[in-house]
Structures are given as structure tokens and as C-alpha cells.
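>
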Ligand SMILES: [Zn+2]
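Residue numbers (our numbering): -3 to 435.
1) Residue 383 and residue 192 look like a contact to me (Cβ under 8 Å); what is the Cβ gap, rounded to whole Å?
2) I need the straight-line Cα distance from residue 117 to residue 106, nearest angstrom please.
3) From residue 87 to residue 122, what distance separates their C-alpha atoms?
4) Ligand 1 and residue 250: does the residue's C-beta get closer than 7 Å to at least one heavy atom of that ligand?
5) Our contact map puts residue 373 next to residue 392 with C-beta atoms below 8 Å; I'd like the distance itself, whole angstroms only.
6) Can you name the residues that DSSP bridges to residue 392?
7) Spell out a yes or no on whether the segment 242 to 256 and the segment 197 to 209 are touching, meaning 3 or more CB-CB pairs, one atom from each, closer than 8 Å.
8) When DSSP builds the beta bridges, which residues end up paired with residue 295?
9) Rounding to the nearest angstrom, what Cα-Cα distance links residue 507 and residue 93 in this structure?
10) Identify the continuous beta strand (DSSP E) that holds residue 337 and give its terminal residues.
11) Is it buried or exposed, residue 272, if we count other Cβ atoms within 10 angstroms and call 16 or more buried?
12) Under a criterion of Cβ closer than 6 Å to any non-hydrogen atom of ligand 1, which residues qualify, in chain order?
13) Distance, Cα to Cα, residue 22 vs residue 138?
14) Just how far apart, CA to CA, sit residue 78 and residue 29?
15) Where residue 190 and residue 37 are concerned, what is the direct C-alpha to C-alpha distance, given to the nearest angstrom?
16) Does residue 167 come out as helix, strand or coil in the three-state DSSP assignment?
17) Identify which residue in 295, 417, 285 has its Cα closest to the Cα of residue 278.
18) Round the Cβ separation of residue 347 and residue 298 to the nearest angstrom and send it over; I've been treating them as touching at under 8 Å.
19) Are the CB atoms of residue 377 and residue 398 within a distance shorter than 8 Å?
20) Within a Cβ cutoff of 6 Å, which residues of the same chain sit near residue 263, ignoring the five residues on either side of it in sequence?
21) Is it true that the segment 333 to 348 meets the segment 309 to 322, where meeting means three or more beta-carbon pairs spaced less than 8 Å apart?
22) Do residue 133 and residue 127 come within 8 Å of each other at the CB atom, strictly closer than that value?
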């Protein structure tokens, strides 16, 4: 109950922030009865009392009761568990958060915005109770403006702010560049490198595979592209789905299509025993063509190099499905089902490997290398926030995405490098900085 998240919020704060969930107040009472500290502040300086005065909760049934318990102490009942909610030391009109507002300011603000008379009267009761419980009302200024700069919050938020400055400065040693990343990779005073690569469509475009999500990508420009990942479209016309896949991915499956420098660089990392894992959003399997073994690869959206029966799920031979002139083979196990590509269709779950490996991989990660992805599709896009706080993160992409858009705001500038351009060029620059021979 004392553990805080990146915003300094404890369970009581998170609960009070829920949008009008039922039983919020009852759950808060249970947490307080079990020993949660009513006075704890989050990184914006807000206490539970501040949060109870926000619009989403102040007019809820039970809030008045909880505020009364927090403000009105009855020592004679303190021993019985039901009345043991400790009185808060937060004064409703004088304890300010970082924005300079007391709980009473928030309550009055909620009152001024309340629309229905019923809501107004329940908020008014909280306001009256706070006024009568405050010992500092004479100096209360209801018109004081709220300061939205949130300076204090930005300084305190995020677990990285609890790491020594010297440790943060040591990650890139002042070089927020490809050179800084290369020097870090080559340091001999660190444990062996375990690089985790997050790969998106941008890594395969130079091989000739169109990307998926951009304005010129498969989804925006072709019905086949949209239908290829749609189970209903497959059920209706599996011949069309397979024709599209053959046209787009046939050369990758047959081995005719060459992997790109980005793929070959990943294979190099593996050859040097520095690769922990590749999480690829791509289904073309070009990582395998470059020499990355299957066990080092998580195909987050499946792979066209795999296939199985659409009815019984039995594994099937993808290559022979790709080699057919038209349509797809029948399943040899059930004899009735049609073989479908081993890609993740819309509405389907990600492969189990994605779930089972990510915690171990991201904890071990010593460099997170993100290439050619917009980081817009979850849960893939949540991976960068899961690696250790002293692990550098390098983005090689045409544009800054995800946490790289505003590194200063997130205060991760001590470990984040964004290299903007194509994957091939970015990887070329990294290989040059490392002094390695081009693969
Ligand atoms: Zn089957």
C-alpha cells in the first residue's frame, strides 16, 4: 500500500482517480482501515483529500462520509476497526498541492462546474464540512489561480528521478548520438551486452516490402492489404487472400528477396553473442533469411513462413501453400479445412511467446534498439517503457516516435538517442561508429 508508481501515486490515489467506479469509496475505506496512509502525497503534492474533491468523485455516494471520517476525529472510538481511519493532517483550506490549491479549492471548482442541482447540493455539503473543519479559513483565498506549470511534479515524477545523477550521466557519458551508443556497446567494464531489438516495417521496405500503416502502406492503398489480415475476408474468399500474400510476400518466403542491412546487422549482433531477442512486427521472416535463429525471434504478428489449418489448427507447410498457383491446400489432418497463413489476424491474440519472453528479455536488456516502427500498435508499443532505467534506447526511424518525441519532457534524455532517417543508413552509421566490417 506504500508502493508508489512513476507518478508517486499509491493505491489510494489511483483508486480515487477512477472515473465514477462503483464502490470506490468503500474500497478506499477498506484500504484506510487496513493501514493505508491518508496523508500520503503523490508527486504533484496531491493527497487523498485533494483527489476526493475532484469532479469525478466528489458527488459520489459515500464521498461525504469518507471526507467526514478523514476530517472529524473521534479518539474514543479509535480502537474499533470501523472508526480507525486516522484523521488526516491535511487541512482542507491550507494544505496546497504543487499547483497551489488546497482541497477546498478543488471542491469549490467542482461546485462551480456542477450542472445538476442534486450534484450541487452534495458537493455543497462537502464544501460546508471542509469549511467547518478547517483551522486556517481566515487566510483562505478562494480566487487564487491554479498554477499549471507542474514544475515540482516534473522533477519528482518517474522512477528514474530516484536514480543517482552520476549513474544516469554514465549511461551515454554526455554523447547522445550514435557514437555514444557505439561506445557504450564496446565498453569492457560492463557485463556482456544483451541487445533487444524492436523491429517494424521500416526495416523491410528497402527489400521491397511495402509498409503497412503509412499513407502509402498496404492498409491505406489496397483492399487486398486490408483483407489479408481479416478472418471474414478469408472465409469469404481465401483465393484472394492467398493471391495477395503470394504477390507481396512470395519472394521473401522463397528466399529470392534479400534481407536488408538492418536484418543483417541483427544477425551480426547474434554472431557476436550480443543479441537477447528480436521482437518483430513484420511477417516477412527476413530476419531468418539474414541468419537470426528462430529462438531469437518473436514474430509479434506471426509469420508468412508458417501456416496452419483454418479449421482444426494443425500445422501445415507454408512453402507448399505459397508454391501453389491459386488458392490454398486442404489440411492433411482433418481433410476439410483450408490452410491459412500463420499471421495474426485482426481480433486474434498475439503469440504466446510475446507474453512469456518479454519480462525476462526486457529485464536483461542492455541496449534497446528500435528500428522502423511507428510505435503505435499496442501492446508492442509498450515495450520501450519496460526496459531498465539505466538501459540506453536508440531509435532509428524516419521520424521521432513514442518516448522519443519529447525526451526532455519525459526526462529520459540521459539514455535516449533518436537517429532520424532510413534503417539502412542508420545501421550503416552505427556499424561505422562501432568499427565493425559491413555484413
Ligand atoms: Zn485441419
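Glycine residues also receive a C-beta, built at the ideal position from the N, C-alpha and C atoms.
Quick look at the numbers:
1) Counting from 1 along the chain shown, the entry for residue 383 is found at position 387. Counting from 1 along the chain shown, the entry for residue 192 is found at position 196. Contact between residue 383 and residue 192 holds, since their C-beta atoms are separated by about 7 Å, short of 8 Å.
2) In the chain shown, the residue the question calls residue 117 occupies position 121. In the chain shown, the residue the question calls residue 106 occupies position 110. Distance between the alpha carbons of residue 117 and residue 106 is about 12 Å.
3) Mapped onto the chain shown, residue 87 falls at position 91. Mapped onto the chain shown, residue 122 falls at position 126. Using only the alpha carbons, I get a separation of about 14 Å.
4) Here residue 250 refers to the residue found at position 254 when the chain shown is read from its first residue. No.
5) For the purposes of this step, residue 373 is identified with residue 377 of the chain shown, where counting begins at 1. For the purposes of this step, residue 392 is identified with residue 396 of the chain shown, where counting begins at 1. So it is not a contact: roughly 18 Å between Cβ atoms.
6) For the purposes of this step, residue 392 is taken as residue 396 along the chain shown, with counting starting at 1. Answer is 367, 415.
7) Inter-segment contact for the segment 242 to 256 and the segment 197 to 209 is present: three or more beta-carbon pairs are separated by less than 8 Å.
8) For this step, residue 295 is matched to residue 299 along the chain shown. Among the bridge pairs identified by DSSP, residue 295 is matched with 276.
9) Outside the shown range of the chain (-3 to 435) lies residue 507, about which nothing can therefore be said.
10) Walking along the chain shown from the start, residue 337 turns up at place 341. From DSSP, the beta strand (DSSP E) with residue 337 extends over 335 to 339.
11) In the chain shown, counting from the first residue as 1, residue 272 sits at position 276. If you draw a 10 Å sphere on the C-beta of residue 272, you find 16 or more other C-beta atoms in it, and that means buried.
12) Ordered along the chain, the selected set is 305, 307, 308, 310, 327, 329, 330, 333.
13) Counting from one through the chain shown, the residue named residue 22 turns up at place 26. Counting from one through the chain shown, the residue named residue 138 turns up at place 142. So the alpha carbons of these two residues sit roughly 30 Å apart.
14) By one-based count along the chain shown, residue 78 stands at place 82. By one-based count along the chain shown, residue 29 stands at place 33. Low confidence applies here, because residue 78 scores a pLDDT of 47, under 50, leaving its location unreliable and the question unanswered by this model.
15) In the chain shown, the residue the question calls residue 190 occupies position 194. In the chain shown, the residue the question calls residue 37 occupies position 41. Each residue's Cα considered, the two are about 38 Å apart.
16) The residue given as residue 167 occupies position 171 in the chain shown. Secondary structure of residue 167 (DSSP, three-state): helix.
17) The residue you call residue 278 lines up with position 282 of the chain shown. Nearest to residue 278 by alpha-carbon distance, out of 295, 417, 285, is 295.
18) Along the chain shown, read from residue 1 onward, the residue named residue 347 stands at position 351. Along the chain shown, read from residue 1 onward, the residue named residue 298 stands at position 302. About 7 Å separates the beta carbon of residue 347 from that of residue 298, a gap short enough to meet the 8 Å contact definition.
19) Counting from one through the chain shown, the residue named residue 398 turns up at place 402. Counting from one through the chain shown, the residue named residue 377 turns up at place 381. Going by C-beta atoms, residue 398 is nearer than 8 Å to residue 377.
20) Numbered from 1 along the chain shown, position 267 holds the residue referred to as residue 263. So the list reads 286, 287, 288, once near-sequence residues are dropped.
21) With the cut-off at 8 Å, the segment 333 to 348 and the segment 309 to 322 touch.
22) Start at 1 with the first residue of the chain shown, and residue 127 comes out as number 131. Start at 1 with the first residue of the chain shown, and residue 133 comes out as number 137. Yes, these two residues count as a Cβ contact at 8 Å.
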